[in-house]
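Below is one structure, written out as structure tokens, with a few remarks after it.
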Amino acid sequence: MRLSDVNTGQSQELKGHYGWVEQLEFSRDGQLLASAGEDGIVRLWYLNTRQSQPLKGHRGWVRQLEFSQDGQLLASAGEDRIVRLWNLNTGEFQTLKGHQGSIDQVQFSRDSQLLASAGEYGIVRLWDLNTGEFQEFHGHQGKVNQVQFSQDGQLLASAGEYGIVRLWDLNTGQFQEFQGHQGKVDQLEFSQDGQLLASAGNDRTVRLWDLRGRQIAQFEGTRLVFNPDGTQLATVDGNTVKLWRLSTLDGLLARGCAWLGSYFTNSSVNPELKAFCDCLVEE
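Residue numbers (our numbering): -7 to 275.
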């Protein structure tokens, strides 16, 4: 494991794990780095001193790490089917049990009051961290490998191996199903204003949805990120990054142009129209 300073270009090796390191996660304030993997040990690195503290308890691979938004907790989970919640002030931990298979995803809500966990067998669990109680959401086929809370914590998006995205209302337990991807969905992100949901899959498409389940746009790509104010969406396809404007007239036109992508392969299309659409996308 190496830690690099982007300002100086210098790097330092961080030693302590045995075997593969699968997960790395910075705390929100940038003072801590958590790492985990094959040896079942979570290591908490204090970046001002480069010293580490081992957090032991898991058996088997640790597949996921996540700091809470308030910086008080670290969640870890993996092949032992247990979520561990580490209190970063006291070093104590709490275990959340009940999953029947490996856990591949954990996510805190923005207010750090809820935790979602998911993995094998298509089950998503929603934990109330004040009471320890949970709800279970069923319906996915196969592994669930993505969960994401909306900004206001009222909705939870989930997706997995078979291309289906589900949007759960956490007050009612009801859901909407978004269909379009072929194969596994690798990423989910809400826009900052909570009005849009973007998904990326191994079918090499990024899809933009409204919260009614209607697909607004489709782009080529495998990864995505919204800018902080939600007015732009960046997509990655191979070594190309494209930036899409979402909140302007140009943005609306760009969505339409994205839908017409295959149409533009027709040689009879007016080249001026194709050039117009091309200029709406910044590479």
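Using N, Cα and C, we set each Cβ at its ideal position, and we do this for glycine too. Here the structure is a predicted model, which means the values were calculated and not measured.
Own chain partners of residue i with C-beta closer than 6 Å, once the 5 adjacent residues on each side are dropped
i       : result
Leu(-5) : Gln4 and Leu6
Trp201  : Phe170, Leu189 and Gln207
Trp53   : Glu30, Gly70 and Glu71
Phe129  : Val116 and Trp160
Leu241  : Note that Leu241 scores 43 on pLDDT, short of 50, meaning its location in the model is unreliable and no value can be drawn from it.
Glu274  : Because the pLDDT at Glu274 is just 49, under 50, the model does not fix this residue reliably, and the value given afterwards should be weighed accordingly. Leu235.
Met(-7) : Leu6 and Val13
Asp185  : Gly222
Thr0    : none
Top-ranked residue by Cα proximity to residue i, from the options
i      : options                            : result
Gly32  : Asp(-3), Val(-2) and Arg73         : Arg73
Ala108 : Ile156, Gln64 and Glu58            : Glu58
Arg204 : Gly186, Gln168 and Leu180          : Gln168
Gly126 : Lys89, Gln140 and Gly111           : According to the sequence shown, residue 126 is Phe rather than Gly. It is Lys89.
Gln210 : Thr227, Val233 and Gly222          : Thr227
His173 : Gly155, Leu24, Leu162 and Phe182   : Gly155
Gly134 : Trp119, Gly124 and Ala110          : Ala110
Asn163 : Ala28, Gln146 and Val177           : Gln146
Arg237 : Gly230, Asn(-1), Pro220 and Trp119 : Pro220
Ser19  : Thr0, Gly186, Asp185 and Trp37     : Trp37
Gln187 : Thr197, Arg35, Gly213 and Ala149   : Ala149
Thr123 : His91, Thr87 and Val136            : Thr87
Cβ-Cβ distance between residue i and residue j below 8 Å
i      : j      : result
Gln64  : Asn40  : no
Gln97  : Gln61  : no
Gln143 : Arg117 : no
Gly175 : Gly114 : no
Leu180 : Val217 : no
Glu285 : Gly131 : The question about residue 285 has no answer, for the chain in this structure spans -7 to 275.
Ser183 : Gly222 : yes
Leu77  : Ala26  : no
Arg55  : Glu17  : no
Gln99  : Gln140 : yes
Gly8   : Ser44  : yes
Val34  : Leu47  : yes
Beta bridge counterpart(s) of residue i as assigned by DSSP
i      : result
Ile33  : For Ile33, which the question treats as bridged, DSSP gives no partner whatsoever.
Tyr38  : Leu24 and Gln43
Leu118 : Ala108 and Gln127
Glu17  : Ala26
Asp221 : Beta-bridge pairing links Asp221 to no other residue.
Cβ neighbours of residue i in the same chain (closer than 8 Å, five flanking residues each side left out)
i      : result
Arg51  : Gly32, Glu71 and Asp72
Gly22  : Leu39
Leu121 : Leu65, Leu77, Ser104, Gln105, Leu106 and Leu107
Gly213 : Ala192, Arg196, Thr197, Val198, Thr227, Val228, Asp229 and Lys234
Gln2   : Ser(-4)
Chain-order list of residues whose beta-carbon lies under 7 Å from that of residue i (same chain, five-residue window excluded)
i      : result
Asp307 : Residue 307 cannot be examined here, being either before or after the span of the chain that is shown, -7 to 275.
Tyr10  : Asp31
Gly49  : Arg76 and Phe85
Exercise. If you scan the region 133 to 213 from start to end, which runs of the alpha helix (DSSP H) of 4 or more residues do you find wholly inside it?
Worked result: Look at the region 133 to 213 and you find no whole run of alpha helix (DSSP H) that is 4 residues long or longer.
Problem set entry | Inside the region 61 to 110 only - beta strand (DSSP E) runs reaching at least 3 residues | Runs of the beta strand (DSSP E) inside the region 61 to 110: 65 to 70, 74 to 79, 85 to 89 and 95 to 100.
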